[in-house]
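Colleague: One gets the numbering used here by counting positions in the sequence shown from 1 and adding 84 to each.
Here a beta-carbon is modelled for each residue, glycine too, at the ideal position from N, C-alpha and C.
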Amino acid sequence: MNDAHARLLELSRWLCGELAPAAWSSERRAALQLEAERHGVIGLLEPKAPAALALRARSLRALRFTLRCVAALEAERIEVVVLKGAACASLWPDPTVRPQGDVDLLVAPHALERAAKALLDAGVARARVVEGRHLHNATLTPAPGGLNIELHHGLTSHHELTVDVEHLLARRRRVVTGQGPLPALALEDDAVYLALHAATHAMMRLAWVVDLQGLHLSGVDWVEAARRARAWNAAAAVELAWRDARELLAVSIPEAAFEALGVGRARAQLTHALLELARGTGAESSTSARLLRLAMVPTVDLPKVVLRKLRANREEAQGHG
Numbered sequence: 085m086n087d088a089h090a091r092l093l094e095l096s097r098w099l100c101g102e103l104a105p106a107a108w109s110s111e112r113r114a115a116l117q118l119e120a121e122r123h124g125v126i127g128l129l130e131p132k133a134p135a136a137l138a139l140r141a142r143s144l145r146a147l148r149f150t151l152r153c154v155a156a157l158e159a160e161r162i163e164v165v166v167l168k169g170a171a172c173a174s175l176w177p178d179p180t181v182r183p184q185g186d187v188d189l190l191v192a193p194h195a196l197e198r199a200a201k202a203l204l205d206a207g208v209a210r211a212r213v214v215e216g217r218h219l220h221n222a223t224l225t226p227a228p229g230g231l232n233i234e235l236h237h238g239l240t241s242h243h244e245l246t247v248d249v250e251h252l253l254a255r256r257r258r259v260v261t262g263q264g265p266l267p268a269l270a271l272e273d274d275a276v277y278l279a280l281h282a283a284t285h286a287m288m289r290l291a292w293v294v295d296l297q298g299l300h301l302s303g304v305d306w307v308e309a310a311r312r313a314r315a316w317n318a319a320a321a322v323e324l325a326w327r328d329a330r331e332l333l334a335v336s337i338p339e340a341a342f343e344a345l346g347v348g349r350a351r352a353q354l355t356h357a358l359l360e361l362a363r364g365t366g367a368e369s370s371t372s373a374r375l376l377r378l379a380m381v382p383t384v385d386l387p388k389v390v391l392r393k394l395r396a397n398r399e400e401a402q403g404h405g
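(1) Using only CA atoms, which one of W316, N317, A340 and A315 lies nearest to R327?
(2) Round the Cβ separation of R257 and A275 to the nearest angstrom and send it over; I've been treating them as touching at under 8 Å.
(3) Please return the same chain residues whose Cβ sits closer than 8 Å to the Cβ of S302, not counting the five positions on each side in sequence.
(4) Counting only the same chain and skipping the five closest in sequence on each side, list residues whose C-beta sits under 8 Å from that of R210.
(5) For the segment 125-141 against the segment 173-189, do three or more pairs of beta-carbon atoms, one drawn from each stretch, fall closer than 8 Å, so that the two count as touching?
(6) Once the 5 residues before and after A133 are set aside, which same chain residues still bring their CB inside 7 Å of it?
(7) Of all the alpha helix (DSSP H) runs that stay within the bounds of the segment 329-395, which reach a length of 4 or more residues?
(8) Can you grab the Cα-Cα spacing for the pair F149 / G348, in whole Å?
(9) Closest by CA to R142, which one among L167, V181, W108 and A107?
(10) Does DSSP classify V293 as helix, strand or coil?
(11) Got a sec, what are the start and stop residues for the beta strand (DSSP E) H281 sits in?
(12) Three or more beta-carbon pairs under 8 Å between the segment 282-298 and the segment 160-167, yes or no?
(13) Just to check my reading of the structure: A310 and A344 have Cβ atoms closer than 8 Å, yes? What is that Cβ distance to the nearest angstrom?
(14) Which of the three DSSP states is assigned to H441 in this structure?
(15) Could you compute how far the alpha carbon of R397 sits from the alpha carbon of V389?
Right, dumping it as structure tokens:
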């Protein structure tokens, strides 16, 4: 176990109520507060801290902006779900303290152009800076006071997924927020997507594990979610994230779900070893994090994934250049 993993375990124990911060030295508490900020859980642990209060204000603005984006698309009869962000915040004990850096929206591939135009015409977006031809999303810059909009037509560029976005949209649910309902993925679809996203980013934020904990408390069927993960060709990534959720926050994902994922022992051992190395660097761009992303992809799919990522990275660099 490296130092980064040890700090993460200490933070997770604090989050689970197993530690008593009142007895800590001011130096230890300050260090863990910084770690909590980095992991996106400061609002759960220190709700009166200045960082938590600022986060709460940003989250409320993000929710309002997300609702505006959804309204613009639904006004044009475009089916949409909100990925992560405000939709995930509804799973938290306090929805206002989940960090959010942009707005992620999922539409059917055939609706991408119409959706981008709808957001621009409604004035919630100013410009489309990444087209999303090779990347799994287009990127639009926001109107003043908003957040960058990632308009997804797929779930990730890091895997060769076999999932029909229109099926995801057909299964969508509505989640309640303090300012109105939002469309979100079905619980079982979300359990796969959120795990896939977290694993792809080397589980760098404990907030993503809190998302999975929230799904569990909402009654997700983990075995059905595992069947979908395997059908989507995402089992190795999902196994990694779910195991991590069990270790860090004691999320009660049943062993039957892991059996349904069908990930071999050798691959699981490899991905978990690479995860610990990646956490030790603290950087998603580290060599170990890059190797982790490749290790989660079935060998037969690696050439396609690598080629797509090269094209996607070039497209993204040109858009933000």
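Modeller: In short, the structure shows the following:
(1) Here residue 327 refers to the residue found at position 243 of the sequence shown. Ranked by Cα distance from R327, the first of W316, N317, A340 and A315 is A340.
(2) As a first step, residue 257 is located in the sequence shown; it is residue number 173 there, counting from the start. As a first step, residue 275 is located in the sequence shown; it is residue number 191 there, counting from the start. Here R257 is actually not in contact with A275; their C-beta atoms are around 13 Å apart, not less than 8 Å.
(3) Numbered from its first residue, the sequence shown carries residue 302 at position 218. Cβ neighbours of S302 beyond the five flanking positions: L175 and L271.
(4) Here residue 210 refers to the residue found at position 126 when the sequence shown is read from its first residue. Cβ within range, chain order: L204, L224, T225, P226 and A227.
(5) In this structure the segment 125-141 lies against the segment 173-189, because at least three pairs of beta carbons, one per stretch, are closer than 8 Å.
(6) Taking the first residue of the sequence shown as position 1, residue 133 is located at position 49. Here the set comprises Q117 and I126.
(7) Counting only runs that start and end inside the segment 329-395, the alpha helix (DSSP H) elements of at least 4 residues fall at 339-345, 349-365 and 371-379.
(8) The residue labelled residue 149 in the question sits at position 65 within the sequence shown. The residue labelled residue 348 in the question sits at position 264 within the sequence shown. Between F149 and G348, the C-alpha separation is close to 43 Å.
(9) Taking the sequence shown and counting its residues from 1, the one referred to as residue 142 is at position 58. Residue V181 is the option with its Cα nearest to R142.
(10) Counted from its first residue, the sequence shown places residue 293 at position 209. DSSP places V293 in helix when its eight states are reduced to three.
(11) Position 197 of the sequence shown, counted from the first residue, corresponds to residue 281. Taken as a continuous stretch (DSSP letters only), H281 belongs to no beta strand (DSSP E), being part of the alpha helix (DSSP H) at L271 to T284.
(12) As far as the Cβ criterion goes, the segment 282-298 does not touch the segment 160-167, which means the pair count is below three.
(13) To locate residue 310, count along the sequence shown from 1; it is residue 226. To locate residue 344, count along the sequence shown from 1; it is residue 260. Confirmed, about 4 Å.
(14) Any answer about residue 441 is impossible in this case: the structure gives the chain only from 85 up to 405.
(15) Within the sequence shown, numbered from 1, the residue matching residue 397 stands at position 313. Within the sequence shown, numbered from 1, the residue matching residue 389 stands at position 305. Correcting the residue type first, residue 397 is Asn in the shown sequence and not Arg. Taking the straight line joining both Cα atoms gives about 12 Å.
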